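Beneath this line is the structure, given in C-alpha cells, with notes to follow.
Numbering (the UniProt record's numbering), first residue to last: 1 to 438.
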C-alpha cells in the first residue's frame, strides 16, 4: 500500500501547505478507504498510519506538534474540514459488518464471515452496541441537547421505521457519534485546548476549504509580547482609543438591519397577517409556506439609529437618558422600541457580558415601558476570535432574518470581528499606540 511514499511526495512538492493538505484529503485518503474496508488490517496498524499522516498535516498547516487530534478531527466549536483516517477505517469496517449481517443472500448470512480488525477494536461489537443504542433511543424518546427547548431541531430517524439502507447509515452515524464522544471526553481533560467545552453561549463554526484558502498568513511575532487575551479584551489603549474593531461589527449589522427595515416598511400590513388553515375531518393537511413571525410589524414606519460615526442620541419622544445603545429601532405608530447592544468579548465571557448589558439597560427599558412604549432589550455577543453567540442568532430570528440570510449575516459578522482582532494583534508592535496623534 503506497501510503508513506505518497505522503513523502506530497511533502517534497512545492505546493503551499494548505494545498498539500487538500491533496491528501481528496486523493490519498479517498484511494485508501476501499483497501482498508476489504483488507484484514489491524486497528493498531491504522492508528500508526493515522499518526504519521497527522504529523504531516500539522507540518503543512503550520500547527504545533502538541495540538491533539481532538482539535483536528473532533466536532468542536471550531470544526476543520479534515477527516481522520482511523475514524474512516472504523466507519468502513462497520459498513462491511452490517452489510454481511443484513445481506439479502441467505448463504452470506449463514456464512457469518468475521470482520477481522485486531483485538483492541472489533467491528461486530461496535455494530451490536450501535444497534442497542438506537433501539434504546427509540424507547426513551426525543431528547433535547443542551438548553434547547422542546421541539428544537429536526426529528431523529427511528430504527423501527427506517429502511435497510437507512439503518446502515444510522449505525454508521451512531458509531461516529460514539467516537466524537471520546474526543469530547479527551477535550474536557485538557486544560488549554479544551477550554471551548465551557463556551455555552457560542454557536459552532465550521471552517471550509474556501476559508482556508482565503486565510491570511501569520505575522512575525516578537520575542516579548503581551498575551492575546489581554490585547483583544483587556488593553485600554487598544479598546478605548482605537474603536475600529468594535465599530466594524455594528456597521455590518446595521447594513443587515437597514435592508430588513426597508423591506418591512415597504410591505403593507394586510399581507403580513398570519392565517390559520383548518383541516376538515378525513382530509389531509397541505403544506403552505407562511412567513415567520417578526417583531417588526409591517407598515409601521420603523426608524433606526446606530452609534457609529456620530454620538448616538436616544430619541427624545421615547425617553431622556444618557445611555447610548449601539442600535435603536422604534416605531411611533405602534409605540415599540427595540434596543440592541453589541459586545465583542473573549468567548469564555459571553454569558457574563450578556448579563452585564442586560442589567445596564434594564432601567432604560423600564422607563420606556412607563412612558407607554413596548420596550425590548437585546444584548448580543460576537467573540473576538470569530465565534458568534446564540444571542445574536435569536435577535436576527426575532427580526425575521432567517434561513440563508441569517447564515450569511452571521458569517459576515464573525469575519468582521476576526479581521478586527487580527488588526489589533498586528498593531501591538506600534510604538505610537496609545499616544496622542497616533
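Just so you know, even glycine gets a beta-carbon here, dropped at the ideal spot from N, CA and C.
Note that the coordinates shown come from a computational prediction; the quantities given were computed from them, not determined experimentally.
I want to know whether the region 153 to 168 touches the region 21 to 37 - three or more CB-CB distances under 8 Å. With the cut-off at 8 Å, the region 153 to 168 and the region 21 to 37 do not touch.
Given residue 382, which residues of its chain have a CB within under 6 Å of its CB, disregarding the five upstream and five downstream residues? The answer, listed in chain order, is 249, 344, 388, 413 and 417.
Relative to the alpha-carbon of residue 202, which residue among 402, 394 and 7 has its alpha-carbon at the smallest distance? It is 394.
Return the residue from the list 91, 349 and 85 that minimises the CA-CA distance to residue 54. Looking only at 91, 349 and 85, the smallest Cα-Cα distance to residue 54 is reached by 85.
Roughly how many angstroms lie between the CA atoms of residue 109 and residue 168, to the nearest whole one? Roughly 16 Å separates the two Cα atoms.
Extent of the continuous alpha helix (DSSP H) run through residue 69: Element bounds for residue 69: 69 to 73.
Which one of 19, 211, 122 and 89 has the shortest CA to CA distance from residue 31? The alpha carbon of residue 31 has as its nearest neighbour, out of 19, 211, 122 and 89, the alpha carbon of 89.
DSSP on residue 30, reduced to helix/strand/coil? Residue 30 falls in the helix class under three-state DSSP.
Keeping to the same chain, check which residues put their C-beta closer than 7 Å to that of residue 9; ignore five residues upstream and five downstream. None.
Spatial distance of residue 342 from residue 256 (CA atoms): If I take the Cα positions, the gap works out to 14 Å.
Using DSSP with H/G/I as helix, E/B as strand and the rest coil, what is residue 223? With a pLDDT of 38 at residue 223, under the threshold of 50, the predicted position of this residue should be treated as unreliable, though the coordinate-derived value follows. Coil, per DSSP.
Which class does residue 39 belong to by DSSP, given the choice of helix, strand or coil? Here DSSP, grouped into helix, strand and coil, assigns residue 39 to coil.
Selection from 135, 198, 422 and 315 that minimises the alpha carbon distance to residue 325: Taking the Cα of residue 325 as reference, the smallest distance to any Cα among 135, 198, 422 and 315 is reached at 315.
Residue 406 to residue 161, Cα distance in whole Å? Residue 406 and residue 161: Cα-Cα distance of roughly 33 Å.
Where the beta strand (DSSP E) containing residue 378 begins and where it ends: Here the beta strand (DSSP E) through residue 378 covers 374 to 381.
In angstroms with no decimal places, state the Cα-to-Cα distance between residue 354 and residue 165. Cα to Cα, the separation comes out at about 45 Å.
Per DSSP, which one or two residues make a beta bridge with residue 336? Paired residues: 331 and 374.
Measure the CB-CB distance between residue 385 and residue 362 and report whether it falls below 8 Å. No. Outside cutoff.
Going by Cα to Cα distance, which pick from 317, 182 and 347 is closest to residue 336? Nearest neighbour of residue 336 by Cα position, chosen from 317, 182 and 347, turns out to be 317.
Beta-carbon spacing of residue 368, residue 333 below 8 Å: No, they are not a contact pair.
Hey, out of 183, 178 and 100, whose CA is closest to residue 130's CA? Looking at the Cα atoms, 178 is the closest of the given residues.
Entirely enclosed alpha helix (DSSP H) segments - the region 143 to 196, minimum 4 residues: With a minimum length of 4 residues, the unbroken runs of alpha helix (DSSP H) contained wholly in the region 143 to 196 fall at 164 to 188.
Go through the region 78 to 126 residue by residue and report every complete run of the alpha helix (DSSP H) that reaches 4 residues or more, in order. Segments of the alpha helix (DSSP H) lying fully in the region 78 to 126: 85 to 101 and 106 to 111.
Could you tell me the alpha carbon to alpha carbon distance between residue 186 and residue 70, rounded to whole angstroms? Going from the Cα of residue 186 to the Cα of residue 70 covers about 7 Å.
Taking Cβ to Cβ, would you say residue 303 is nearer than 8 Å to residue 346? The Cβ-Cβ distance between residue 303 and residue 346 does not fall below 8 Å.
Option in 339, 44, 78 and 172 with minimal Cα separation from residue 194: Of the listed residues, the one whose Cα sits closest to residue 194 is 78.
Using a threshold of 8 Å, state whether the C-beta atoms of residue 211 and residue 75 are closer than that. No, the Cβ-Cβ distance between residue 211 and residue 75 is not below 8 Å.
On a Cα-Cα basis, can you pick out the residue from 41, 136, 59 and 44 that is closest to residue 7? Nearest option by C-alpha distance: 59.
DSSP three-state label for residue 409, please. In the structure shown, residue 409 sits in a helix (DSSP, three-state: H, G or I).
So, helix, strand or coil for residue 323, using DSSP? Residue state, collapsed to three classes: coil.
Hey, quick one: how far does the beta strand (DSSP E) through residue 305 stretch, first residue to last? Start and end: 303 to 306.
Rounded separation between residue 45 and residue 101 - CA only: If I take the Cα positions, the gap works out to 25 Å.
Please state whether the Cβ-Cβ distance between residue 251 and residue 399 is less than 8 Å. No, they are not a contact pair.
Taking the CB atoms as reference points, tell me whether residue 379 and residue 358 lie closer together than 8 Å. Taking 8 Å as the Cβ cut-off, residue 379 and residue 358 qualify as a contacting pair.
Can you tell me whether residue 206 is buried or exposed, with buried defined as 16 or more other CB within 10 angstroms of its CB? Residue 206 counts as exposed, since fewer than 16 other C-beta atoms from the protein chains shown sit within 10 angstroms of its C-beta.
Span separating the alpha-carbon of residue 258 from that of residue 188: One C-alpha to the other measures close to 42 Å.
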